[in-house]
Structure formats: structure tokens, C-alpha cells
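For the sequence shown, position 131 (counting from the first letter as 1) is numbered 131 according to my numbering, and the numbering increases by one without interruption. In this text, a Cβ means the ideal position worked out from N, Cα and C, and glycines have one as well. A quick note: this is a predicted structure, and the numbers were derived from the prediction, not measured.
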Amino acid sequence: MVPLNDWKIKLNLSLLEDIVTSLESGQVLFFPNLAFPIFPEEKVLFSPTLVKKNRKNISYNSKVDQLKACEGNSQTKAIIQSMMKRFSDHADQLLLHLFPGYELHLDKGLTSFRTVEAKDKPKTSLTKNDSLLHLDSFHSSPTGGRRILRFFTNVNPFNKPRVWKVGESYQSVLKRFLPTLNKPLPGSRLFMNRFGITKSYRSLYDHFMLGIHNKMKADDRYQREVDQETIEFPPNSCWMCFTDQVSHAALSGQYAFEQSYFLSLEGLIFPEKSPLHYMESILKKRVRN
Ligand code: SIN
Ligand code: FE
């Protein structure tokens, strides 16, 4: 729990040390009193039909100031874009305050506006169903062990919480699923890279993370029986975690913003607590390529 109620307040050094230790140990940092400000002219636009059909979220790329998958006229789009840019700026500001050591090692990802009720999302395929416990790992975008850090805020105007489940520790997930996975087929990763199935070469780390992601979601009994906790994030609160390390599932909730970052391993304060490190120490070999 982080006792911040203002985006500009500076925390003292010992609190900052506790915060980075919790984050890198695989905890969800919860900011119950940190509200992201929404203006009245923005709130009236909130609607699930804002997002283009067949897309999960509205997305914003702050590197090129570009909005995607948003429906509506140019005025609506301009308002949504400025709100998403403001959220992405707030997230940057907070991150640099909490984790100054990350600055040189961070690559900013996309910003998303999640307008669709998580409970009602079409469950088109098991692997895309984020209401099941999983670790984040992307089929076409390998990370090579870079960390996936995500910052969220619930901006629901109807007092609806965003409800997550959080499962067992990364180390437990790894011990359970890693021994059940096959090695990649010889040449398969080169092939996927050559033909654009992956955006870059899929490292062994990514191969196993994707395998774990898929096996976790496919295992009904695991989903039911593994130790898990339900967390409700109320409106006007924020939270963040390394979603490649925290087993999580989004059960319900509507209208949230999310900012993704990728952090290279050199930026970590405790690299020995990272998923890549745990995997290499179990397999007793390098998995970063
Ligand atoms: C996820 O990362 O699996 C979904 C999180 C959310 O939308 O709350
Ligand atoms: Fe996820």
C-alpha cells in the first residue's frame, strides 16, 4: 500500500526503498488514495462503443502522439487523446519519482483505455482470456527477459471496482509448469522470426514464458485450486506490478487506463529476483537467447 494522495508529493528515501523492494519481489503496489483527475467533458464520453469493433482497447502511442482503435468524430477523438496523453504523462512522472534508477533502462510501451466490461469480454480463445490466472507473455512480441511493468488506474464513474485475482508466486508457478514444457523445435524460432510471426527472435526465456502462460490458462483444476486472492481496486485508485512475474486475472471492471513499460534487466535493483534469473537458476543455463 503506497500512501500517496497527490501526484506531486515526494516520498522519503526509506519508503522509496521499501517500494522498489516490494515491486521487484513480485508484489502489487496499491495506491488507494491516488486519483487520476478526469474532467466533466471527458466523463460524458465514457462508453463501451468508443472502442472499434473487434479491438480490446483504445490505444495511444505517446512516442508518436497517436490514437488507435477509437470510434467517434474528430472532437471526441481529440478529447480522448488528450486525456490519454495526460494519463501517460502522470504515469511517467510517478514512475520516475518512485524508481529513479529505472530511468535510463525504460522503454515506454502503449497506453490503453479499457472501456469494455472485463467480465463481458468475448472469450474467443483460451489464451486470450485474461480472466484466467496468467503471467503476461506475448506470442508475437518476445521480451528477451526485459520486464513488463504496468501501471493502472480505475476511472469508473459508476463506483464499480476493477476486480483482479492474484495467484501463487512466480517461483511456485515456475516450479510447477517449467518441467512440463518441451524445448522449441529446432529451427522453429528462426522460421517465426524470418516470416514475421514474431517481431524479433523468440528467446528460450520467451518460449518457456509463453508455454507457462498457455498451460496456466488451459489447466481448469489449477485455476480453481491454486492459492489465490481477490483484490478490488476501487475507482480513484491506482496500482502497478510486473505482470510477467505476478500471476493475475482480470475478473470484472470497466473504464481503466493502463500504461506499459519495458525495463531492461540492467535497470533492476534486485536482478536476482527477476523471472529470467529464477528460470536460469532452475534450468542451470542461459535462456536469454
Ligand atoms: C491483464 O493484464 O491480464 C488484464 C488486466 C486488466 O485489464 O485489468
Ligand atoms: Fe495480463
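(request) Could you please give the first and the last residue of the uninterrupted alpha helix (DSSP H) stretch that includes L204? (result) Counted from its first residue, the sequence shown places residue 204 at position 204. Its alpha helix (DSSP H) spans residues L204 to A218.
(request) Can you say whether P235 is buried or exposed, counting buried as having 16 or more other CB atoms within 10 angstroms of its CB? (result) Working through the sequence shown from its first residue, we reach residue 235 at position 235. The residue is buried, with at least 16 neighbouring Cβ atoms inside 10 Å.
(request) List in chain order the residues whose CB is within less than 7 Å of at least one heavy atom of the ligand SIN. (result) R114, A118, D130, H134, D136, R150, F152, R162, W164, T243, H248, A249, A250, G253, A256 and E258
(request) In angstroms with no decimal places, state the Cα-to-Cα distance between D92 and L50. (result) Here residue 92 is taken as the residue at index 92 of the sequence shown, counted from 1. Here residue 50 is taken as the residue at index 50 of the sequence shown, counted from 1. Using only the alpha carbons, I get a separation of about 25 Å.
(message) Between Q27, V226, T180 and L204, which has its C-alpha nearest S188's C-alpha?
(response) Here residue 188 refers to the residue found at position 188 when the sequence shown is read from its first residue. Ranking Q27, V226, T180 and L204 by Cα distance to S188 puts L204 first.
(request) Report yes if the C-beta distance between H105 and G267 is below 7 Å; otherwise report no. (result) Counted from its first residue, the sequence shown places residue 105 at position 105. Counted from its first residue, the sequence shown places residue 267 at position 267. Yes, the pair counts as a contact, with Cβ atoms nearer than the cut-off.
(message) Relative to the C-alpha of K108, which candidate in I79, V64 and L185 has its C-alpha closest?
(response) For the purposes of this step, residue 108 is taken as the residue at position 108 of the sequence shown. Out of I79, V64 and L185, V64 has the C-alpha closest to the C-alpha of K108.
(request) Within 10 angstroms of the Cβ of Q66, are there 16 or more other Cβ atoms? Answer buried if so, exposed if not. (result) Reading the sequence shown from its first residue, position 66 is the one you call residue 66. Exposed, since its Cβ has fewer than 16 Cβ neighbours within 10 Å.
(message) What does the Cβ neighbour count give for D220, buried or exposed, with the cut at 16 atoms within 10 Å?
(response) Counted from its first residue, the sequence shown places residue 220 at position 220. The residue in question, D220, is exposed, as its Cβ has fewer than 16 Cβ neighbours within 10 Å.
(request) Can you give me the start and stop residues for the beta strand (DSSP E) that E103 sits inside? (result) Counted from its first residue, the sequence shown places residue 103 at position 103. Where E103 is concerned, there is no enclosing beta strand (DSSP E), given that its DSSP letter is neither H nor E.
(request) Please go through the same chain and pick out, in chain order, the residues whose beta-carbon is closer than 7 Å to the beta-carbon of S62, but skip the five residues on each side of it. (result) Residue mapping note: residue 62 aligns to position 62 of the sequence shown, counting from 1. Correct list, in chain order: K85, S88, K108 and T111.
(request) Just the C-alpha distance for I212 and L181, rounded to the nearest angstrom, thanks. (result) The residue given as residue 212 occupies position 212 in the sequence shown. The residue given as residue 181 occupies position 181 in the sequence shown. If I take the Cα positions, the gap works out to 8 Å.
(request) Could you spell out the range, first to last residue, of the beta strand (DSSP E) harbouring I148? (result) Here the question's residue 148 lines up with position 148 in the sequence shown. Note, I148: beta strand (DSSP E), R147 to N154.
(message) Could you check whether P161 and E232 sit closer than 7 Å to each other, using their CB atoms as the reference points?
(response) Along the sequence shown, read from residue 1 onward, the residue named residue 232 stands at position 232. Along the sequence shown, read from residue 1 onward, the residue named residue 161 stands at position 161. Yes, the Cβ-Cβ distance between E232 and P161 is below 7 Å.
(request) Determine whether the Cβ of L67 lies closer than 7 Å to any Cβ atom of chain D. (result) Judged by its chain identifiers, the structure shown contains no chain D, having just a single protein chain.
(message) Applying the 10 Å Cβ sphere with the 16-neighbour rule, what's the burial state of S125?
(response) The count along the sequence shown starts at 1 and reaches residue 125 at position 125. Per the 10 Å Cβ criterion, exposed.
(request) Determine the direct distance from the alpha carbon of K68 to that of Q171, and round the result to whole angstroms. (result) Within the sequence shown, residue 171 is the residue found at index 171, counting from 1. Within the sequence shown, residue 68 is the residue found at index 68, counting from 1. Counting only the Cα atoms, K68 lies some 36 Å from Q171.
(message) Quick check on DSSP: helix, strand or coil for H139?
(response) The residue labelled residue 139 in the question sits at position 139 within the sequence shown. Residue state, collapsed to three classes: coil.
(request) Could you tell me which uninterrupted beta strand (DSSP E) segments, each at least 3 residues in length, are contained entirely in the region 54 to 109, listed from first to last along the chain? (result) 58 to 61 and 66 to 68
(message) By alpha-carbon positions, which one of L263, Q223, K77 and S25 ends up nearest to S131?
(response) Locating residue 131 in the sequence shown gives position 131, where the first residue counts as 1. Residue Q223 is the option with its Cα nearest to S131.
(message) Here's the rule I'm using: 16 or more other beta-carbon atoms within 10 Å means buried, otherwise exposed. How should G196 be labelled?
(response) Position 196 of the sequence shown, counted from the first residue, corresponds to residue 196. Label assigned to G196: exposed.
(request) Rounded to whole angstroms, what's the CA-CA distance from L135 to K128? Just pull it up for me. (result) Sequence index remark: in the sequence shown, residue 135 carries index 135 (1-based). Sequence index remark: in the sequence shown, residue 128 carries index 128 (1-based). Roughly 12 Å between the two C-alpha positions.
(message) Quick check on F39: does DSSP put it in helix, strand or coil?
(response) In the sequence shown, counting from the first residue as 1, residue 39 sits at position 39. DSSP places F39 in coil when its eight states are reduced to three.
(message) Taking the alpha carbon of V163 as the reference point, which residue from F138, M192, P179 and C238 has its own alpha carbon closest?
(response) Taking the first residue of the sequence shown as position 1, residue 163 is located at position 163. The candidate whose alpha carbon is nearest that of V163 is C238.
(request) For V173, collect the residues of the same chain with a Cβ closer than 8 Å to its Cβ; drop the 5 residues on either side in sequence, then sort them by chain order. (result) Position 173 of the sequence shown, counted from the first residue, corresponds to residue 173. Here the set comprises L135, G167, I212, M216 and S247.
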